[in-house]
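Student: I am attaching a structure below and will ask some questions about it afterwards.
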Amino acid sequence: MTLMTRSEIKLRKNRGDSYVDYKGNLIPARHMKPLLDTCRKSCKTKFDDNYRQSLFNTFWKLKDYSAKVLFICKLINVCEKKYDRRRNLDHPSRRQFTYQYHLNTNEEMCKICFCNTFDVSDDFTKLAIQKSMNNLIPTDNRGGHNRKIPKKNNSKTAILKK
1 MTLMTRSEIK
11 LRKNRGDSYV
21 DYKGNLIPAR
31 HMKPLLDTCR
41 KSCKTKFDDN
51 YRQSLFNTFW
61 KLKDYSAKVL
71 FICKLINVCE
81 KKYDRRRNLD
91 HPSRRQFTYQ
101 YHLNTNEEMC
111 KICFCNTFDV
121 SDDFTKLAIQ
131 KSMNNLIPTD
141 NRGGHNRKIP
151 KKNNSKTAIL
161 KK
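Using the UniProt record's numbering, the letters of the sequence shown correspond one by one to residues 1 to 162.
In structure tokens form, the structure reads like this:
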């Protein structure tokens, strides 16, 4: 596989298009998944599919990973948890925050419907939140290998000239 095809694979993956990975497997294109019918926050009645589709298209038009992470982080509010009900004092809860998912509106959305709207995994949203809480600017570290030109060894060339 040449460098040209690797860069093409990376571009297609970042755009959400279908591509063939390095093993030869066909990865299908990203598409907006339907909302749940039995959602606790009744997301299906609150959000229009056309609006969700426009947000999906905007998200996947972003070409690099860091822009996508920032886009997702702006739609998630991180708040401290409201209640601390301690059942077992020996093992306090590790949860410290509550996450509220929005689609540029005041209406709150459940996490599953949020992930279905953008066709991203739960791990992607968790990682985006962690990076935003640590004030890290996310970078795309894929393909970071620098091709080095080997230096000529002067001692070997001096011996060969004699």
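Idealized CB from N, CA, C, for every residue including glycine.
#1: When you compare only the Cα positions, how much space is there between L36 and K44?
#2: For K111, which residues in the same chain have their Cβ closer than 8 Å to its Cβ, ignoring the five residues on either side in sequence?
#3: Around the C-beta of K63, are 16 or more other C-beta atoms found within 10 angstroms, so that it is buried, or is it exposed?
#4: Report yes or no: do three or more beta-carbon pairs, one from the region 112–121 and one from the region 45–60, lie closer than 8 Å?
#5: In three-state terms, what does DSSP make of N104?
#6: Spatial neighbours of F97 within its chain, please: CB distance less than 8 Å, with the 5 preceding and 5 following residues excluded, ordered by chain position.
#7: Can you grab the Cα-Cα spacing for the pair M133 / K74, in whole Å?
#8: Quick check on DSSP: helix, strand or coil for C79?
#9: Could you tell me how far apart the beta carbons of W60 and R30 are, in whole angstroms, since I believe they sit closer than 8 Å?
#10: By the three-class DSSP mapping on this structure, what secondary structure does F118 have?
Tutor: On the basis of the supplied data:
#1: Here residue 36 refers to the residue found at position 36 of the sequence shown. Here residue 44 refers to the residue found at position 44 of the sequence shown. Looking at the two C-alpha atoms, the distance is approximately 7 Å.
#2: Locating residue 111 in the sequence shown gives position 111, where the first residue counts as 1. Counting only Cβ-Cβ distances below 8 Å, and skipping sequence neighbours, we find Y99, Y101, D122 and T125.
#3: One-based indexing of the sequence shown puts residue 63 at position 63. Answer is exposed; the Cβ neighbour count stays below 16.
#4: yes
#5: By 1-based counting over the sequence shown, the position of residue 104 is 104. Reduced to three states, the DSSP call for N104 is coil.
#6: The sequence position of residue 97 within the sequence shown is 97, counting from 1. V78, C79, E80 and K81.
#7: Here residue 133 refers to the residue found at position 133 when the sequence shown is read from its first residue. Here residue 74 refers to the residue found at position 74 when the sequence shown is read from its first residue. In a straight line, the C-alpha of M133 is about 12 Å away from that of K74.
#8: Position 79 of the sequence shown, counted from the start, is the residue given in the question as residue 79. It is a strand residue.
#9: Here residue 60 refers to the residue found at position 60 when the sequence shown is read from its first residue. Here residue 30 refers to the residue found at position 30 when the sequence shown is read from its first residue. Sure, about 6 Å apart at Cβ, within 8 Å.
#10: Walking along the sequence shown from the start, residue 118 turns up at place 118. Looking at F118 - three-state DSSP - the assignment turns out to be helix.
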